Amino acid sequence: MVMTVEPGIYISPDDETVAKKWRGIGVRIEDDVLITKDGNDVLSKDVPKTIADIEALMAR
6 MVMTVEPGIY
16 ISPDDETVAK
26 KWRGIGVRIE
36 DDVLITKDGN
46 DVLSKDVPKT
56 IADIEALMAR
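Residue numbers for the sequence shown follow the numbering used here, beginning at 6 and rising by one.
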């Protein structure tokens, strides 16, 4: 079985407690995890997730 783990943050467009530039956005980082009788394997472990890694990928 494969499961998806999807932590995220979603900021309401009218949330005045948040700086205006961040309102109305959402960010989610997903991992796909293979579950077997012997344990698990994160299938997306090599996908860039840090800001530096994502910026390096986009600069290619």
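Here a beta-carbon is modelled for each residue, glycine too, at the ideal position from N, C-alpha and C.
All of these numbers come straight from a predicted model, not from anything done at the bench.
Does DSSP put residue i in a helix, in a strand, or in coil?
{"i": "I16", "result": "coil"}
{"i": "D43", "result": "coil"}
{"i": "D51", "result": "coil"}
Relative to the C-alpha of residue i, which residue among the options is closest?
{"i": "I34", "options": "A64, V23, D51", "result": "D51"}
{"i": "M6", "options": "N45, D19, G13", "result": "N45"}
{"i": "E68", "options": "K26, R28, V38", "result": "Residue 68 cannot be examined here, being either before or after the span of the chain that is shown, 6 to 65."}
Could you give the first and the last residue of the continuous alpha helix (DSSP H) run that contains residue i?
{"i": "M6", "result": "Careful: M6 lies outside any alpha helix (DSSP H) and carries neither H nor E."}
{"i": "A24", "result": "Unbroken run through A24: none, as it is neither H nor E."}
{"i": "A64", "result": "No alpha helix (DSSP H) holds A64; DSSP gives it neither H nor E."}
Would you mind reading off the limits of the beta strand (DSSP E) that contains residue i?
{"i": "R33", "result": "31-33"}
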